[in-house]
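I have placed the structure first, in the form of structure tokens, so that the comments after it can refer back to it.
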Amino acid sequence: MSTPTSPADVKLPQRSNTVSSSFTRRTSLSDDEAIPDGDSNETTNLLLERLRAWKHMCGYLEDYFSATAKVQKSQSKDYEKILKTVNEPLKEAHHFSTSGGGVAGMFESIRCNTQGMVTMYLEGEKNLKTGVLPTLERLHKEIKNKSKELSSGASKGAKAVEKARNLTQKHIELLGQNAACFDAAAGSKIEPHNDPYLLKRGINHRLNNQVNEENNHRQDILAVQNSFQQFEAHVLQTVQGTMEQFHLHMNGQLERQRAMYADILGSAQRIPPDFEWMNFCVRNDAILVNPDSPPRSFSSITFPNMEHRSTQPLIEGSLERRSRALIKGYSTGYYVVTPAGYLHEFKDNDDFRRDPSPELSLYLPECVIGSIDGIKFNVKGKDVSSGKIGNAFHTNTELSFKAHTPNDAEKWWTVIKEATRGPVAAAPAVAPTLASPTATSAAPTSPAGIASPARSVSGQGLPPTYAEKEMEKTEAAQAAAAPPAAAPVAAAPAAAAPAAAAPAAANPTPGLSRTASSSSHFYTSPGGSAVEKS
2 MSTPTSPADV KLPQRSNTVS SSFTRRTSLS DDEAIPDGDS NETTNLLLER LRAWKHMCGY
62 LEDYFSATAK VQKSQSKDYE KILKTVNEPL KEAHHFSTSG GGVAGMFESI RCNTQGMVTM
122 YLEGEKNLKT GVLPTLERLH KEIKNKSKEL SSGASKGAKA VEKARNLTQK HIELLGQNAA
182 CFDAAAGSKI EPHNDPYLLK RGINHRLNNQ VNEENNHRQD ILAVQNSFQQ FEAHVLQTVQ
242 GTMEQFHLHM NGQLERQRAM YADILGSAQR IPPDFEWMNF CVRNDAILVN PDSPPRSFSS
302 ITFPNMEHRS TQPLIEGSLE RRSRALIKGY STGYYVVTPA GYLHEFKDND DFRRDPSPEL
362 SLYLPECVIG SIDGIKFNVK GKDVSSGKIG NAFHTNTELS FKAHTPNDAE KWWTVIKEAT
422 RGPVAAAPAV APTLASPTAT SAAPTSPAGI ASPARSVSGQ GLPPTYAEKE MEKTEAAQAA
482 AAPPAAAPVA AAPAAAAPAA AAPAAANPTP GLSRTASSSS HFYTSPGGSA VEKS
């Protein structure tokens, strides 16, 4: 296997050998002739064509570097567009540290390096236009001047050669004419200036001048040919120097750009992972949650009116209530009597698992409470827990409750009975009432008109009796037995007026009266509802 050879090892053909061989071949055919057939400008035209080739080569390089300079300028504008994307300050910049080494520093590095690329490409365009292209332009002018010199110098020599050849050709033709006349008319007189002998000597003279002109022209062309080697070497060396300068510039530009991108990368990689967060925490220490502070406790929280007397229950605890469907029996619930006069029922006493919305709410001043039967007592009223629209469809319902012990039942009954008089905060002091003799003999009452719970528990063992229809019948009977309305009651003493007013004050509801049996079982609340007495 043959070893590869470098371009330096390749031997170029020697110009002298090439020229001598071609020139010898050409002259061997024409040296014996007085007037060569070849064109004296042939070599000159070939060399001029070669110079044009070098000139076009130089023009191509100029176009290449000019286009590269335009691209450099275009890239500078493109990087200006890139710079505009990060030229404005960061939005919400106060969240980032302004010191170096953070996100703000990274973007500052991006801006500086991108601006450096803009400047670098502008400098690249300038260097190409001022450092590379002028060298090629000077070389282009040199090639043009070389062509002008060759064309002007060769044309002068070629013209002289052509002139000498024309003179020689005329005398050769004249010799031929006279030599032919001499052979045709032997012994005839020939003009002295047309003597073939003289013509031949004249041809020799002119042919010698022609050969001298041809040799001079040949020497000029040969000198030009010899100078072409050096000139082309100069052209190539100039082109190589220009390319080297271009390479150094472009390579340096790429190195600078690579260094700028490396700096951007380094500014991003040098940011510690917790740098921004730690600085953010320091700047906003008063706003962020302190991890060392204990969590809030519900028990330590206070709010306005949390201890107001209207928020404290009069009594609360668990009771059993008989379902309205008798087959279900009693179910346990959590009940509360509030100072506002409500009896609320809840599923449990948990305020956190769900919103404590009452399952049942009774406004006690509008309710009737029955007597205690051991651990049981009844309340009759309307459920108001559904709002205005729902309450419009509710009717009075008798609800049966059962406490855990008789003592608990007595406590519940007492508190509920007191609440039927109205809200605790607005309840006025109950003044003693004077009952009529009939009412006194029928059912003695305490000064407040309400029997004590102890007496109710011990004296009555029957469940309460609601006698609204019986009351209506009694009222109708009393109205029929009463004297005519027109007859004045004169027999009544004056002192009976206050006594007669007492029952009226105790029964503010129109059309509702009590018989001896029913009045001993119910009392009337200030709200106007009848309440069962013990």
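The numbering used here numbers the first residue of the sequence shown as 2 and each following residue consecutively.
Every residue gets a Cβ at the ideal spot worked out from N, C-alpha and C, and that includes glycine.
Remember, predicted model here, so these are calculated numbers, not experimental data.
Collapsed DSSP secondary structure at residue i in the structure displayed
| i | result |
| --- | --- |
| F353 | coil |
| R51 | helix |
| L400 | strand |
| P509 | With a pLDDT of 39 at P509, under the threshold of 50, the modelled position of this residue cannot be trusted, and the question is left open. |
| G125 | helix |
| F347 | strand |
| D384 | strand |
| G316 | According to the sequence shown, residue 316 is Ile rather than Gly. Looking at I316 - three-state DSSP - the assignment turns out to be strand. |
| I83 | helix |
| S152 | helix |
| R552 | Residue 552 lies beyond the stretch modelled for the chain, which goes from 2 to 535, so this question has no answer here. |
| R207 | helix |
| R257 | helix |
| L140 | helix |
| T169 | helix |
| P499 | Here the model assigns P499 a pLDDT of 36, short of 50, so the residue's position is not dependable, and the following value carries that caveat. Here P499 sits in helix by DSSP. |
| L91 | coil |
| G106 | helix |
| K201 | helix |
| I302 | coil |
| S75 | helix |
| F97 | coil |
| V115 | Note that residue 115 corresponds to Thr in the displayed sequence, not to Val. The answer is helix: DSSP assigns T115 an H, G or I state. |
| G60 | helix |
| N379 | strand |
| S362 | strand |
| T333 | strand |
| R219 | helix |
| R310 | helix |
| D1 | It is not possible to answer for residue 1, since the shown part of the chain is limited to 2 through 535. |
| E233 | helix |
| I191 | coil |
| I373 | coil |
Reference residue i, options the options, closest by Cα
| i | options | result |
| --- | --- | --- |
| M107 | R271, E360, L168, F378 | R271 |
| E124 | Q73, L400, E63 | Q73 |
| E321 | D349, H309, E308 | D349 |
| G267 | I111, E81, A68, A54 | I111 |
| P90 | E81, A105, E399, Q76 | A105 |
| K82 | R51, V119, C113, F97 | V119 |
| P314 | I288, V337, P295, K412 | V337 |
| E411 | D374, D384, V380 | D374 |
| F378 | L363, D356, I417 | I417 |
| A420 | L365, R51, V369 | L365 |
| L151 | K201, S75, L52 | L52 |
| R284 | G253, L62, S100, D64 | S100 |
| W278 | F97, N252, T69, N408 | F97 |
| A352 | S362, Y335, Y343 | Per the sequence presented here, residue 352 reads as Asp, with Ala not at that position. Among S362, Y335, Y343, the Cα nearest to that of D352 belongs to Y335. |
| W55 | L237, E308, A263, S332 | L237 |
| D409 | F183, E317, I370 | E317 |
| S387 | E346, S301, P193, K160 | E346 |
| D384 | I376, A404, K127, E399 | E399 |
| M58 | L140, N128, N88 | L140 |
| Q254 | E63, A70, E233 | A70 |
| S75 | K127, A269, Y198 | K127 |
| T86 | E109, D64, L223 | E109 |
| N252 | C282, N210, P197, Y122 | Y122 |
| N213 | V162, Q258, N167 | V162 |
| L47 | Q211, K190, V225, N195 | V225 |
| W413 | T396, G423, I370, N397 | I370 |
| C113 | Q258, N167, R354 | Q258 |
| D64 | L129, A341, T339 | L129 |
Whole-angstrom C-beta distance between residue j and residue i, which should lie under 8 angstroms
| i | j | result |
| --- | --- | --- |
| G382 | E360 | Not confirmed; about 15 angstroms, so no contact. |
| Y80 | T115 | 6 angstroms |
| G103 | F276 | 6 angstroms |
| F66 | F229 | Not confirmed; about 26 angstroms, so no contact. |
| S372 | R323 | At roughly 17 angstroms, the Cβ-Cβ gap does not stay under 8 angstroms, so S372 and R323 are not in contact. |
| L200 | L137 | 59 angstroms between Cβ atoms; not a contact. |
| Y343 | L363 | 7 angstroms |
| R207 | A234 | Contact doesn't hold; Cβ gap of about 41 angstroms is too wide. |
- Query: Quick one: any contact between the stretch 166 to 174 and the stretch 217 to 229, if contact means 3 or more CB pairs under 8 angstroms?
  - Reply: no
- Item | Ranges of the alpha helix (DSSP H) found wholly within the stretch 271 to 295, counting only runs of at least 4 | You should have 276 to 284.
- Message: Under 8 angstroms: do the stretch 125 to 138 and the stretch 177 to 186 share three or more Cβ pairs, one atom per stretch?
- Response: With the cut-off at 8 angstroms, the stretch 125 to 138 and the stretch 177 to 186 do not touch.
- Item | Cβ contact (3+ pairs, closer than 8 angstroms) linking the stretch 90 to 101 and the stretch 142 to 161 | no
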